[in-house]
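In order, the protein sequences belong to chains A and B. Note that this note's numbering numbers the first sequence so that position 51 is 51, with each residue one more than the last. Note that this note's numbering numbers the second sequence so that position 312 is 312, with each residue one more than the last. Virtual Cβ for every residue (Gly too), placed ideally from N, Cα, C. Remarks on the structure that follows.
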Amino acid sequence: MIRKLMIPKELGDSVEVRLLEWCKAEGDEVKVDDAVLEFETDKAVVLVSAKQSGALRRCFFGAGDWMKPGDVAAWLSDLPNEPLPGAEEVPEETLIVDFETT
Amino acid sequence: MSRLFFREALCRAMNEEMARDPRVILLGQDIAAHGGSYGETRGLFERFGAARVRNTPVAEAATVGIAAGAAAAGLRPLAFITYLDFLMLGLDPLVNYAAKLKFKSAGQLSAPLVVKATAGAKGQGPTHAQSIESWLMNVPGLTVLAPSTAGDAYGLLKTALRAPGPVVFIDHKRLFPLGGAVPDREELVAAGSAALRRDGRHVTIVAHSYMCVVALEAAELLAARGIEAEVIDLRSLWPIDWGMLADSARRTGHALFVEEGQEVCGVGAELAFGLRERVAGLCVSRLGARRAPVAASAVLEAYTIPQAHGIVEAALRLLGGAARK
């Protein structure tokens with residue numbers, strides 16, 4: 001199963017956020033509780049960690065890029081070698097994640 | 001250009017000006033280790049130390065009073081007022097002392113302080129969300145600046161921190177979540193210079209601070225109806241860029257003034273009259289807050305304060321000839 005990692009649609013009053021860094025690279029295994037990425041709102045730094053295991057397959061933004069709430073930041077797959085869909089297809093399933101705000 | 005959050009643009013301006021001029025000091029609530037109500041002073045306490053980045057008690061009269069006195073004695077204080085409403089407590093030292101000092105001393109003394117205050121409604125209700133900048137335009141000796149973008153916040157705050165006399169720098173709660181382009185190299189924005197945000201030939205819409213964002217939304221809606229609105233961001237409420245306003249108004253023949261503060265005796269009242277004196281035959285209209293306190297309810301707040309659709313209606317009425325010729 002291919003899953004999308006989404007910036008939450010409702011993110012307080014944030015209009016835009018900035019990607020600070022990926023904690024994993026494309027192709028890396030992601031275990032439960034692993035940090036995946038860190039982004040910044042106008043008020044806080046948000047660390048996103050996985051609540052299910054898989055592999056980080058494709059990142060759509062780079063460090064320093066600006067994203068909007070609801071943007072798909074990455075695709076992950078349950079198994080490391082699952083074929084990825086075409087660019088125009090959007091995975092239905094959303095990766096379960098946890099947010100830690102500092 | 002780099003894209004920065006609004007708070008980062010302010011922080012960069014303070015960083016640069018504090019490094020450039022050791023007389024610049026900061027006074028305000030929670031601005032030291034906490035980094036400011038909006039994170040706009042993050043890192044400044046660590047870089048410049050406790051003598052130049054000073055927390056103050058919840059005592060705005062004292063904060064502005066100390067800033068005015070320190071300015072007269074040779075420093076360049078920047079006083080933070082968390083919400084513009086609270087500046088009411090500091091009006092006496094600002095208006096009666098700082099703004100008058102140059103005149104009372106025949107130019108021998110001055111009080112170059114900057115008061116930075118955050119205006120605007122975002123759910124805080126009647127006493128924490130007012131936009132009272134038009135009161136300040138009434139005071140001889142005060143410069144009043146109100147940017148709507150991160151880039152202008154940077155350039156205008158730097159200008160404020162070098163100005164010869166007192167400046168009130170007004171930002172807005174709804175501007176902080178937005179990012180914006182900020183020049184990579186040092187760049188100042190002069191007081192008294194407005195900015196053309198959108199070209200149009202049918203009607204000139206004049207706004208400042210967050211209302212510029214709303215006016216640009218309205219201009220999009222008007223464009224869908226075939227009406228090309230020119231949007232001017234005042235940036236500076238005093239001095240006023242009459243040249244840019246008059247140039248645009250001459251071309252469009254219609255000027256609509258939009259503000260979040262009260263319409264009665266508001267920014268638009270002054271600008272509409274002033275522009276009529278400069279541009280013969282100009283049709284003018286204005287749109288400000290309804291004559292009621294800012295509501296805490298989101299629904300009532302939106303009803304009280306101009307929204308994009310209300311600006312569209314006001315522009316259509318103006319162009320329809322309902323406004324005074």
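So which of the options has the shortest CA-CA distance to residue i?
i: R174 (chain B); options: B:V214, B:A255 and B:R47; result: B:V214
i: P22 (chain B); options: B:L10, B:L188, B:M1 and B:R47; result: B:R47
i: L10 (chain B); options: B:L221, B:G179 and B:I66; result: B:G179
i: L271 (chain B); options: B:V189, B:Q29, B:E313 and B:S285; result: B:S285
i: L27 (chain B); options: B:R3, B:A59, B:A13 and B:L4; result: B:A59
i: L19 (chain A); options: A:M1, A:M67 and A:D13; result: A:M67
i: C212 (chain B); options: B:E8, B:R250 and B:H172; result: B:H172
i: G107 (chain B); options: B:K122, B:G165 and B:V203; result: B:G165
i: N15 (chain B); options: B:Y38, B:R52 and B:M88; result: B:R52
i: V168 (chain B); options: B:T118, B:A194 and B:E217; result: B:T118
i: E16 (chain A); options: A:W22, A:V45, A:E26 and A:A35; result: A:V45
i: R54 (chain B); options: B:D30, B:G39 and B:G74; result: B:D30
i: T149 (chain B); options: B:E313, B:S248 and B:F6; result: B:F6
i: A62 (chain B); options: B:A295, B:A50, B:Y154 and B:F80; result: B:F80
i: G268 (chain B); options: B:S134, B:V189 and B:Y38; result: B:S134
i: A146 (chain B); options: B:I232, B:V312 and B:A292; result: B:I232
i: G69 (chain B); options: B:R250, B:G35 and B:L109; result: B:L109
Look at the alpha carbon of residue i and the alpha carbon of residue j, and state the distance between them as a whole number of angstroms.
i: R324 (chain B); j: P69 (chain A); result: For R324 (chain B), the predicted structure reports a pLDDT of 41, less than 50, and the residue's modelled location is therefore unreliable. A value from the coordinates is still provided. Cα to Cα, R324 (chain B) sits roughly 44 Å from P69 (chain A).
i: F45 (chain B); j: Y210 (chain B); result: 29 Å
i: E186 (chain B); j: D33 (chain A); result: 43 Å
i: V48 (chain A); j: L37 (chain A); result: 5 Å
i: K100 (chain B); j: G141 (chain B); result: 7 Å
i: T94 (chain A); j: I227 (chain B); result: 43 Å
i: A73 (chain A); j: V115 (chain B); result: 40 Å
i: E100 (chain A); j: G62 (chain A); result: 20 Å
i: V264 (chain B); j: L161 (chain B); result: 31 Å
i: A322 (chain B); j: R201 (chain B); result: Residue placement at A322 (chain B) is poorly supported in this model, since its pLDDT is 43, which falls under 50; the coordinates are not used for a value here.
i: V64 (chain B); j: L156 (chain B); result: 20 Å
i: S105 (chain B); j: T143 (chain B); result: 19 Å
i: E8 (chain B); j: G281 (chain B); result: 44 Å
i: W242 (chain B); j: V258 (chain B); result: 16 Å
i: L11 (chain A); j: Y97 (chain B); result: 44 Å
i: M1 (chain B); j: P183 (chain B); result: 4 Å
i: V24 (chain B); j: F103 (chain B); result: 23 Å
i: R20 (chain B); j: A13 (chain B); result: 11 Å
i: G43 (chain B); j: L222 (chain B); result: 43 Å
i: D92 (chain B); j: W238 (chain B); result: 19 Å
i: A229 (chain B); j: L287 (chain B); result: 15 Å
Taking only beta-carbon positions, decide if residue i is within less than 8 Å of chain A.
i: R7 (chain B); result: yes
i: F80 (chain B); result: no
i: P140 (chain B); result: no
i: L216 (chain B); result: no
i: L157 (chain B); result: no
i: K325 (chain B); result: Its pLDDT being 41, under 50, K325 (chain B) is placed unreliably in this model, and the coordinates cannot settle the point.
i: L178 (chain B); result: yes
i: G39 (chain B); result: yes
i: R197 (chain B); result: no
i: A322 (chain B); result: Interpretation of A322 (chain B) is limited by its pLDDT of 43, a score under 50 that renders its predicted location unreliable; no figure is taken from the coordinates.
i: R42 (chain B); result: no
i: R3 (chain B); result: yes
Does the CB of residue i have a neighbour CB from chain B at under 8 Å?
i: K68 (chain A); result: no
i: V90 (chain A); result: no
i: K9 (chain A); result: no
i: K43 (chain A); result: yes
i: R3 (chain A); result: no
i: E16 (chain A); result: yes
i: D13 (chain A); result: yes
i: L19 (chain A); result: no
Looking at the secondary structure, which residues open and close the alpha helix (DSSP H) in which residue i lies?
i: N245 (chain B); result: The residue asked about is misnamed: residue 245 (chain B) is Leu in this sequence, not Asn. Here the alpha helix (DSSP H) through L245 (chain B) covers W242 to T252.
i: N81 (chain A); result: That residue, N81 (chain A), is in no alpha helix (DSSP H); it is neither H nor E in DSSP.
i: R20 (chain B); result: F6 to R20
i: E277 (chain B); result: V267 to R278
i: T304 (chain B); result: A298 to T304
i: F103 (chain B); result: A99 to K104
Within the continuous beta strand (DSSP E) that includes residue i, where are the two ends?
i: I170 (chain B); result: V167 to H172
i: I311 (chain B); result: Unbroken run through I311 (chain B) is the alpha helix (DSSP H), A308 to L319; no beta strand (DSSP E).
i: A50 (chain A); result: V45 to A50
i: L11 (chain A); result: No beta strand (DSSP E) holds L11 (chain A); DSSP gives it neither H nor E.
i: K24 (chain A); result: Per DSSP, K24 (chain A) belongs to no beta strand (DSSP E) and is neither H nor E.
i: R162 (chain B); result: No beta strand (DSSP E) holds R162 (chain B); DSSP gives it neither H nor E.
i: S285 (chain B); result: C283 to A289
i: F99 (chain A); result: V97 to T101
i: K116 (chain B); result: V114 to A119
Could you confirm whether any beta carbon from chain D is found closer than 8 Å to the beta carbon of residue i?
i: S49 (chain A); result: Chain labels in this structure do not include chain D; the protein chains are A and B.
Task: Sequence ranges, beta strand (DSSP E) only - wholly within the region 128-153 of chain B, length at least 3 - done: 143-145
Task: Ranges of the beta strand (DSSP E) found wholly within the region 191-237 of chain B, counting only runs of at least 3 - done: 195-198, 203-207 and 229-233
Task: In chain order, each beta strand (DSSP E) run of at least 3 residues that lies wholly inside the region 31-87 of chain B - done: Listed in chain order, the complete beta strand (DSSP E) runs (minimum 3 residues) inside the region 31-87 of chain B are 53-55 and 76-81.
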